[in-house]
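Trainee: Its first residue numbered 38, the sequence shown is counted upward by one per residue in the numbering used here.
The beta-carbon is built from N, C-alpha and C at its ideal position, and this holds for glycine as well.
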Amino acid sequence: MLRLRLTGYAVAQLFLSIVMIVLFVLWVVGGALVVVWVGLVILAGVVPTTRWIANLHRTMAADTLEVTLPSPYRPLPPEGFFAQARTVLADPMTWRDLLWLLVAPFVGITVSLVVIILLLGVVTGFIWWFVTPPLMQARARFDRMLLCYSRTEKLEQRVQELTETRADLVDHSAAELRRLERDLHDGAQARLVALSMSLGMAEAAFDTEDPEQARQLVRDARATTSAAIGDLRSVVRGIHPPVLADRGLAGAVAALALDMAIPVTVDARLPGRPPAPVESAVYFGVAECLANLGKHSGARNGWITLRWHDGLLQAVVGDDGRGGADPGAGTGMLGVMRRLAAFDGTLSVSSPAGGPTIITLEVPCDLSSPKTTPSSGPA
Ligand SMILES: Nc1ncnc2c1ncn2[C@@H]1O[C@H](COP(=O)(O)OP(=O)(O)O)[C@@H](O)[C@H]1O
Ligand SMILES: [Mg+2]
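1) Hey, how far is the Cα of residue 361 from the Cα of residue 389?
2) State buried or exposed for residue 408, treating a residue as buried only when at least 16 other CB atoms are found within 10 Å of its CB.
3) Grab me the residues of residue 357's own chain with a C-beta within less than 7 Å of its C-beta, minus the 5 sequence neighbours each way, in chain order.
4) So, at 8 Å on beta carbons, what are the nonlocal neighbours of residue 69 in its own chain, with the 5 sequence-adjacent residues on each side left out?
5) Relative to the C-alpha of residue 155, which residue among 143, 145, 142, 169 is closest?
6) Would you check if the distance between the CB atom of residue 142 and the CB atom of residue 57 is smaller than 8 Å?
7) In whole angstroms, what is the alpha-carbon distance linking residue 166 and residue 133?
8) With a threshold of 7 Å, establish whether the CB of residue 328 neighbours any heavy atom of ligand 2.
9) Buried or exposed for residue 91, please, with buried defined as at least 16 other CB atoms from any protein chain shown within 10 angstroms of its CB.
10) Taking DSSP's pairing of strands, which residues face residue 401 in a bridge?
11) Tell me which residues share the same chain as residue 135 and place their Cβ nearer than 7 Å to its Cβ, disregarding the 5 neighbours each side in the sequence.
12) Return the chain-ordered list of same chain residues with a C-beta closer than 8 Å to the C-beta of residue 115, the five sequence neighbours on each side being excluded.
13) Under three-state DSSP, which class holds residue 396?
14) Compare the C-beta of residue 399 with all C-beta atoms of chain B and state if any pair is closer than 8 Å.
15) For residue 320, which of 341, 272, 331 has the nearest alpha-carbon?
16) Any chance the CB of residue 191 is under 7 Å from a heavy atom of ligand 1?
17) If you draw a straight line from the alpha carbon of residue 84 to that of residue 107, how long is it in whole angstroms?
18) Determine the contact status of residue 268 and residue 228, defining contact as a CB-CB distance below 8 Å.
19) Would the beta-carbon of residue 355 fall within 8 Å of that of residue 395?
20) Considering Cα atoms alone, identify which of 371, 286, 293 is closest to residue 351.
21) Would you mind reading off the limits of the alpha helix (DSSP H) that contains residue 62?
22) Let me check you understand the geometry: is the CB of residue 94 closer than 7 Å to at least one non-hydrogen atom of ligand 1?
23) I need the straight-line Cα distance from residue 260 to residue 290, nearest angstrom please.
24) Which residues in the same chain as residue 148 place their Cβ atom closer than 6 Å to its Cβ, once the five residues preceding and following it in sequence are excluded?
25) Please determine if the segment 247–257 and the segment 268–277 are in contact, where contact requires at least 3 C-beta pairs separated by less than 8 Å.
26) Touch check for the segment 95–107 and the segment 175–191: three-plus C-beta pairs under 8 Å?
27) Where does residue 187 fall in DSSP's three states?
28) What is the DSSP secondary structure of residue 152, reduced to helix, strand or coil?
29) Residues in the same chain with beta-carbon distance under 8 Å from residue 401, minus the five sequence neighbours each way, listed in chain order, please.
30) On a Cα-Cα basis, can you pick out the residue from 100, 377, 139, 217 that is closest to residue 199?
31) Taking 8 Å as the cut-off, decide whether the C-beta atoms of residue 51 and residue 164 are in contact.
32) Can you tell which of 263, 178, 40 has its C-alpha closest to the C-alpha of residue 152?
33) Ignoring anything shorter than 4 residues or poking outside the segment 268–311, list the alpha helix (DSSP H) runs there in chain order.
34) Would you give the residue range spanned by the beta strand (DSSP E) that residue 383 belongs to?
35) Looking at the secondary structure, which residues open and close the alpha helix (DSSP H) in which residue 322 lies?
36) Can you name the residues that DSSP bridges to residue 341?
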């Protein structure tokens, strides 16, 4: 059974080798004709076909070697021909596919022919029995070597990613500090200066025996004090919203939804609490999405779901508005992306023209204390 299946692969690979030679020629022709646009059309067909054939070989290699080989391509942006083309060109696997396309047919045709011819003779059938598994395994290893990243390469990519997100995190923290500094400087500090001036003038008014004016100045001072307290509160809220500490992520998100002008339903099922920094990041992310919903979507209904499954916290914010949300068009969602990236999290957008808009925030994390948070109905 095993040997017959491997022989089946050998036959398939023999035919695919011929297709691959044609594909390689088309790559070269397409590449040469890019300057006159026809090449782009050819490449637009050749690239997906190459990936399809390479994936077929990955599947066969995975089966032969009894391992799993995940697809190594970088995820394509959902739309935009040129955006997709850029991703394909920047993906090193595209070029490894191309190299493989050049070498693999020779290896493939040789191995496949040996296996197939051996099967046909009576005496050689005996040899076929012993030779097929190691030959096909060697072929599979060859494919894996070119078509899949090795452990070292994967680790290198990971280090690269971590270096970038760490730099982002440092930038982000510095920006946060600057924002806090500005908030304190423009808000509470300015008010305290005014307060001190009012009190100084009131003191002078007492000395000149003008109690009415002194009283007025003290009244002003009290009003300024309340404003300063309000400013300080909002700064504190910006650091770690008290509602988050009191009611957890689900409760805090429900409170955000309640503040919206249109009905936003919240369906939260979290079997525990995420770590505090993750909670804050997701909370501010959802807050930004809701602000966008109110500002840009023109929606009549919104919905939020919060889930945790297999170590992945997922928040989805959806609306039935006009669609067309584009992180590249503003700063809000990009900020959320950077903030989430610090935790290996992502923000993805699905927002075709005409809607609906669905923003998905995902962060890998563990939950603490297995206690259920309540889920609230329509808000
Ligand atoms: N829910 C939504 N529905 C429709 N358009 C949206 C939605 N969210 C965002 N957008 C669009 O995407 C752009 C980028 O949003 P964002 O990154 O938050 O930047 P900002 O809100 O600062 O403009 C917005 O300017 C808006 O045009
Ligand atoms: Mg915004």
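Mentor: Taking the structure as given:
1) 6 Å
2) Note that residue 408 scores a pLDDT of 49, beneath 50, so its modelled location is shaky and nothing firm can be said.
3) 336, 337, 338, 392, 393
4) 76
5) 169
6) yes
7) 33 Å
8) yes
9) buried
10) 349
11) 64
12) 387
13) strand
14) This model lacks chain B altogether; it includes just one protein chain.
15) 341
16) no
17) 19 Å
18) yes
19) yes
20) 286
21) 39–69
22) no
23) 32 Å
24) 172, 176
25) no
26) yes
27) coil
28) helix
29) 348, 349, 350, 380, 381, 382
30) 377
31) no
32) 40
33) 279–295
34) 383–387
35) 313–329
36) 303, 354
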